[in-house]
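One structure below.
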Amino acid sequence: MFTGIVEEIGTVVSVEPWETDSRLTLRGPVVAPGTAPGASIAVDGVCLTVTAVEPDGTFTADVMPETLRRSTLGDLTPGDRVNLERAVRADGRLDGHLVQGHVDGVATLVSRDPGERWDDLVLELPEQLARYVAEKGSVAVAGTSLTVTTVAGSRFGISLIPTTLQATTLGALTPGDRVNIEVDVMAKYVERLLGVAADQDGGRS
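Encoded structure:
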């Protein structure tokens, strides 16, 4: 489990593609020390299991076919920058929102409107995910916990404060860039429960 509070911007060191999956090596001098194989680190919002950690601040993780299909990790190349966050401790503060690291899909940046000290961004979601995004609700964009400012069809807006602009990769996004999206898990559970209840009621009628 994560909070969507990015700890550092890491760098992709290498990508080893296999037949259907791949292996990533990333440099994260903040998150790597003290991390052991088997631990979880969110890479641009995708929960990955650490398979090896080196003294130079790099770590390795395997990326499965489902993750490559559903996220932007399959697009990564050496030198790319990524948001990194270690799994939250049970006794830690939940400063963002509950983020599972289970990316639902990819959104595309439509526009960016710089403000005096902040930027307003509009992103477009796949239609099947749009129903889970609500104004003033939470969404994880490239692993960053953000509040939705506007919703219009399959598009939604977010505002980036100076800290987010500086401490995450979102500060460098340009229109057309793709980012991983995880919608609020509560919305998905509510929809599932309502659907089950409706099916059960229909069976009794």
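Per the numbering used here, the sequence shown starts with residue 70, numbered consecutively.
Don't be surprised by glycine CBs; every beta carbon is placed ideally from N, CA and C.
Which residue's Cα is closest to the Cα of residue i: the options?
| i | options | result |
| --- | --- | --- |
| residue 84 | 137, 264, 239 | 137 |
| residue 215 | 243, 197, 97, 249 | 249 |
| residue 109 | 132, 231, 156, 245 | 156 |
| residue 231 | 223, 222, 241, 71 | 241 |
| residue 169 | 176, 269, 217, 208 | 208 |
| residue 123 | 101, 217, 112 | 101 |
| residue 247 | 145, 200, 184, 165 | 145 |
| residue 176 | 164, 165, 198, 152 | 198 |
| residue 113 | 89, 99, 142, 90 | 142 |
Compute the Euclidean distance between the alpha carbons of residue i and residue j, then round it to the nearest angstrom.
| i | j | result |
| --- | --- | --- |
| residue 107 | residue 192 | 34 Å |
| residue 77 | residue 253 | 23 Å |
| residue 228 | residue 87 | 38 Å |
| residue 256 | residue 92 | 32 Å |
| residue 190 | residue 225 | 8 Å |
| residue 151 | residue 269 | 44 Å |
| residue 221 | residue 205 | 13 Å |
Once the 5 residues before and after residue i are set aside, which same chain residues still bring their CB inside 7 Å of it?
| i | result |
| --- | --- |
| residue 96 | 79, 80, 82, 126, 127 |
| residue 139 | 172, 174 |
For residue i and chain C, any beta-carbon pair shorter than 7 Å?
| i | result |
| --- | --- |
| residue 86 | Reference to chain C is not applicable here, since this structure consists of a single protein chain. |
First and last residue of the beta strand (DSSP E) that includes residue i?
| i | result |
| --- | --- |
| residue 234 | Looking at the DSSP string, residue 234 is not in any beta strand (DSSP E); the run it does join, the alpha helix (DSSP H), is 231–236. |
| residue 150 | 150–155 |
| residue 111 | 109–112 |
| residue 162 | It is not in any beta strand (DSSP E) - residue 162 carries neither H nor E in the DSSP assignment. |
| residue 85 | 77–86 |
| residue 189 | 188–193 |
| residue 183 | 174–183 |
| residue 207 | 207–210 |
| residue 74 | Run containing residue 74: none; DSSP gives neither H nor E here. |
If I follow the unbroken alpha helix (DSSP H) through residue i, where does it start and stop?
| i | result |
| --- | --- |
| residue 138 | 134–139 |
| residue 199 | 196–199 |
Taking the beta carbon of residue i as the centre, do at least 16 other beta carbons fall within 10 Å, making it buried, or is it exposed?
| i | result |
| --- | --- |
| residue 276 | Residue 276 lies beyond the range of the chain shown here (70 to 274); nothing can be said about it. |
| residue 259 | exposed |
| residue 121 | exposed |
| residue 262 | exposed |
| residue 161 | exposed |
| residue 73 | buried |
By Cβ distance below 8 Å, which residues in the same chain neighbour residue i in space, the five residues on each side in sequence not counted?
| i | result |
| --- | --- |
| residue 243 | 178, 181 |
| residue 196 | 223 |
| residue 119 | 104, 105, 106, 107, 108, 109, 110, 128, 129, 130 |
| residue 210 | 114, 176, 192, 227, 239, 248, 249, 250 |
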